[in-house]
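Here the structure is laid out as structure tokens; the discussion comes afterwards.
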Amino acid sequence: MKWAERSAAGLLVLQPIAFFWHVLVNPRFHIPWDIEGFHYPLMAAMARALRAGEWPWWSPMIYSGYPMHADVQAQMFYPPAWLPILIRNWTGRDNLLYSLHWMVVLHLVLAGLLMFGMLRRSGSPAPAALFGGTVFQIGAFFASQTQHVGAVCGAAWLPLAWWAVLELSERFSWRWVAALSAALALSLLSGFLAVTISVYLSTGLLACGMVLMRSARPAMWGSFALGVLGSVLIAAVQLWPALELADRSFAKLRADWGAGLGGIPVEAWWGILWPNALGLFTPFDPTRYRLPYNFTFLWLYCGLAAIGLALLVVVRGDGRMRLFLLIAAFSLMMTAGDHIPGLRWMFERAPRSFRGAMYVEFFTAAFSAGLAAMGGLAAGRWLSGRASWAVALMTMIELHWAGSRRPMNTSAGSWRAGSSESRIDGSRPLVAAIEGHMMGKTPPPRLDILDLNFTFSMAAPLRPFPTAGGDSPFAPLEVLEVRRSYAGGNYWERAIPVAKPDSPWLDFLNVEYLIADKQKEDAALLGQSGWEKVKGGEWMRIYRNAEVRPRCYAAPRVRLVRDEAAARKAIREVDVREEVVVEAGPGMVTGNAEVEVVRYGHNAFELKVRAGQDAVVVCSETWYPGWRAFVEEREVPIYRANLAFRAVALPAGEHRVRFRFEPPRLWQGAWVSAASVLLLAALALRSPKR
272 MKWAERSAAG LLVLQPIAFF WHVLVNPRFH IPWDIEGFHY PLMAAMARAL RAGEWPWWSP
332 MIYSGYPMHA DVQAQMFYPP AWLPILIRNW TGRDNLLYSL HWMVVLHLVL AGLLMFGMLR
392 RSGSPAPAAL FGGTVFQIGA FFASQTQHVG AVCGAAWLPL AWWAVLELSE RFSWRWVAAL
452 SAALALSLLS GFLAVTISVY LSTGLLACGM VLMRSARPAM WGSFALGVLG SVLIAAVQLW
512 PALELADRSF AKLRADWGAG LGGIPVEAWW GILWPNALGL FTPFDPTRYR LPYNFTFLWL
572 YCGLAAIGLA LLVVVRGDGR MRLFLLIAAF SLMMTAGDHI PGLRWMFERA PRSFRGAMYV
632 EFFTAAFSAG LAAMGGLAAG RWLSGRASWA VALMTMIELH WAGSRRPMNT SAGSWRAGSS
692 ESRIDGSRPL VAAIEGHMMG KTPPPRLDIL DLNFTFSMAA PLRPFPTAGG DSPFAPLEVL
752 EVRRSYAGGN YWERAIPVAK PDSPWLDFLN VEYLIADKQK EDAALLGQSG WEKVKGGEWM
812 RIYRNAEVRP RCYAAPRVRL VRDEAAARKA IREVDVREEV VVEAGPGMVT GNAEVEVVRY
872 GHNAFELKVR AGQDAVVVCS ETWYPGWRAF VEEREVPIYR ANLAFRAVAL PAGEHRVRFR
932 FEPPRLWQGA WVSAASVLLL AALALRSPKR
């Protein structure tokens with residue numbers, strides 16, 4: 272039995288590496304899309320800040336600055352995410368994307384081993400538990416969603432949450448309450464809330480089912496509630512700041528769009544029986560794939576053996592098998608979203624924060640886990656040892672054939688050949704050219720884009736080129752509102768190219784460079800607006816604004832308004848190069864002053880100001896709670912300027928003005944998280960062993 276168990280566990284360790292051998296070992300392929308375009312830039316920005324000796328609480332790279340510590344997708348407080356960052360900073364090499372590939376694969380290893388452990392604890396022999404671990408590890412969810420790093424990390428902890436519920440159904444134990452809290456908290460901290468919702472709901476269904484089947488006492492609900500409460504308290508360091516940002520950012524709008532749940536069509540369920548039933552092997556061939564849906568969400572294949580066992584469980588399975596099959600069926604139904612009558616009605620009556628985070632397609636995680644758990648239990652009950660080994664090994668081969676090197680998880684080209692911290696589409700000279708134009712000033716001026724350029728919007732944090740734009744679900748709402756005045760765009764868009772290069776907002780925002788890539792820009796309009804073409808952009812065209820405003824300067828004139836509504840109206844009337852709208856009380860005056868930025872970092876910067884008379888210094892840096900200003904050692908208020916930015920009032924004389932970011936919610940959440948971890952650890956250590 273020890274040999275069988277060790278062999279099965281070893282196969283679950285090696286299997287994801289074999290599945291992604293072409294990505295990890297002598298790589299000639301890479302995992303595409305969001306892992307390189309969204310998650311990699313966020314992690315690179317954190318790594319760069321830490322290497323400079325600063326905590327990455329605030330990022331000045333996009334949208335004129337935003338609170339990165341509150342962005343759950345950055346995984347700042349998810350412990351495993353720090354390993355790729357430490358490797359990158361310790362080696363000093365541009366290898367972070369490669370480390371991210373390993374981070375994804377190691378979470379597949381974790382997912383398989385945890386499912387294996389849960390099934391072994393439930394009585395399944397090693398080969399049957401291997402079968403269940405394989406179905407979860409390289410089945411529908413993980414084979415199709417490896418591009419979403421947070422989703423993979425969050426789903427990997429699902430078997431541990433279920434394992435804890437099964438243990439707590441037998442008797443109360445602080446050890447397993449702590450394990451449940453940890454599993455749910457790590458799913459929260461992984462940063463992909465749609466998967467976290469799937470983890471919480473499926474775990475709640477399992478707890479409810481155990482009570483209804485009388486496999487657990489009603490007191491089980493208390494244990495489950497303690498686990499949920501513990502998870503929320505452990506994750507408070509991330510949740511408390513994130514709630515504030517969600518209410519002040521683009522994320523707030525999603526619940527108000529009235530677009531419903533979305534989801535995949537019921538016809539996609541044919542993919543459960545055959546992987547290429549919908550043409551998913553060739554999704555870019557319109558003659559073979561005709562559905563108007565993201566093809567990666569339609570991958571539902573978990574192997575024929577899992578489906579065959581599911582049919583047997585319907586006929587003759589026991590209560591626990593049927594409970595896991597019910598969870599799988601419920602999760603599959605949820606993936607259909609609006610295609611299932613009644614689900615949209617329920618969704619529209621759910622809490623607003625819940626609706627904003629919901630992407631029903633990611634219930635595939637619980638669907639895969641439910642099939643895996645059901646299959647592992649059924650194989651252990653009905654198949655002999657040899658038959659279980661045969662089914663497990665055949666399923667490994669089948670899922671590897673079906674899912675490995677498919678378009679939803681693989682693109683041609685090594686990770687070295689694409690964009691990185693030192694390359695744009697493989698070009699180092701282009702990065703060097705942009706650095707030559709922008710760097711050397713404190714702080715570097717900002718750039719912006721004349722067409723929808725992924726490199727300088729979603730991937731902008733990858734390099735130290737600050738921009739007034741970006742592409743983040745947590746884009747500050749007021750900054751987006753200002754941006755739409757010179758970039759156009761619809762209210763549901765967050766990545767918007769500049770449409771009016773003659774806008775005074777570009778001067779105010781310290782945008783010294785505009786970059787054009789795909790589209791034909793209007794050279795005459797750019798020339799009339801003061802933009803001159805500069806050399807060195809290779810296939811990208813770079814234009815420089817010779818009359819750009821510095822990042823911080825003394826406002827020539829100030830228009831005082833009482834509140835945000837008045838500021839919103841006033842900024843449409845003034846020339847922001849010559850007049851600044853400030854939300855403040857009466858009596859503020861301004862005059863000429865020399866302003867110099869003497870130090871600029873992620874969480875703080877310092878100005879040297881020489882004012883011959885009272886002055887208002889305005890900075891085109893995003894206003895956000897937690898920023899504090901000090902003149903010498905005396906704190907002064909920061910006023911909102913031009914709706915979304917910062918201003919301070921100074922008396923005549925020479926001053927040192929320091930701005931410092933000290934987000935109170937971060938420290939409040941950190942204290943709660945630390946206390947909760949220590950308390951649960953103490954209770955778990957004192958709890959008697961089984």
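Using my numbering, you'd call the opening residue of the sequence shown number 272 and step up by one each time. Glycine residues also receive a C-beta, built at the ideal position from the N, C-alpha and C atoms.
For residue j and residue i, believed in contact at Cβ under 8 Å, the rounded distance
i    : j    : result
R927 : E892 : Contact flag wrong, Cβ pair sits at about 17 Å.
T467 : G425 : 5 Å
V829 : M859 : 6 Å
P406 : G646 : The question names Pro, but residue 406 in the sequence shown is Val. Confirmed, about 6 Å.
A382 : A279 : Their Cβ separation, rounded to whole angstroms, is 15 Å, which puts A382 and A279 out of contact at 8 Å.
W328 : F932 : 6 Å
F727 : T738 : 6 Å
R881 : E925 : 5 Å
P312 : A730 : 5 Å
E692 : A315 : 6 Å
H293 : R676 : 6 Å
T474 : V448 : So it is not a contact: roughly 13 Å between Cβ atoms.
DSSP beta-bridge partners of residue i
i    : result
E803 : R815
P735 : Per DSSP, none; premise fails for P735.
A683 : F300
Y564 : Answer by DSSP bridge pairing: none, since Y564 is not bridged.
P747 : S520
L718 : T738, Y784
Y337 : S330
S469 : DSSP, once it has assigned bridges, lists no residue as partnering S469.
I306 : Answer by DSSP bridge pairing: none, since I306 is not bridged.
I695 : S698
Close-in-space but distant-in-sequence residues of the same chain around residue i (CB under 6 Å, 5 per side omitted)
i    : result
F618 : L532
V660 : One detail in the question is off: residue 660 reads as Trp in this sequence, not Val. Only P398 meet the Cβ criterion.
W304 : Q418
E276 : A397
F638 : A599, S602, L603
F634 : S469, S602, M605, T606
Close beta carbons around residue i, own chain, < 7 Å, minus the five adjacent residues each side
i    : result
R519 : P747, L748
G593 : Residue 593 is actually Arg in this sequence, not Gly. Once the five neighbours on either side are set aside, the close Cβ partners of R593 are V584.
G550 : R559, Y560
G394 : G651
T666 : F402, T405, V406, G574, A576
W776 : V753, S756, Y757, V847
A526 : R623, R626, G627
L614 : L532, G608
Buried versus exposed, by CB contacts within 10 Å (16 or more), residue i
i    : result
Q344 : buried
I864 : Checking the displayed sequence, the identity of residue 864 turns out to be Ala instead of Ile. Classification for A864: buried.
Q509 : buried
V296 : exposed
E802 : First, the residue type needs correcting, since residue 802 is Trp and not Glu in the sequence shown. By the neighbour-count rule (16 or more Cβ atoms within 10 Å), W802 is buried.
V376 : buried
M481 : buried
E792 : buried
Y762 : exposed
F568 : buried
G308 : buried
Q799 : exposed
A496 : exposed
N816 : buried
W545 : exposed
S655 : exposed
I786 : buried
Residues near residue i in its chain [Cβ-Cβ closer than 8 Å; skip 5 each side]
i    : result
L670 : T405, V406, I409, G410, A414, Y572, C573, G574
S966 : A query on residue 966 cannot be resolved here, the shown segment of the chain reaching from 272 to 961 and no further.
M709 : P715, P716, L718, F736, E783, Y784
W894 : E749, I909, R911, A912, A915, F916, R917
Legend entry - Whole runs of the beta strand (DSSP E) within the region 880-956, excluding any shorter than 3 residues: 886-890, 898-902, 905-907, 910-912, 916-921, 924-932
Inset, instruction - Only counting runs of 3 or more residues, tell me where the beta strand (DSSP E) segments fall wholly within the region 813-892, in order along the chain. - result: 823-825, 828-832, 850-854, 864-871, 875-882, 886-890
Inset, instruction - Could you pull out every unbroken alpha helix (DSSP H) segment of at least 4 residues lying fully inside the region 768-792, listed in chain order? - result: Segments of the alpha helix (DSSP H) lying fully in the region 768-792: 775-779.
Inset, instruction - For the region 423-452, list the alpha helix (DSSP H) runs that are entirely contained and at least 4 residues long, ordered along the chain. - result: 429-441
Inset, instruction - Return the chain-ordered ranges of every alpha helix (DSSP H) run that is complete within the region 596-639 and spans a minimum of 4 residues. - result: 614-619, 623-628
Inset, instruction - Return the chain-ordered ranges of every alpha helix (DSSP H) run that is complete within the region 344-387 and spans a minimum of 4 residues. - result: 353-362
Legend entry - Sequence ranges, alpha helix (DSSP H) only - wholly within the region 493-562, length at least 4: 507-519
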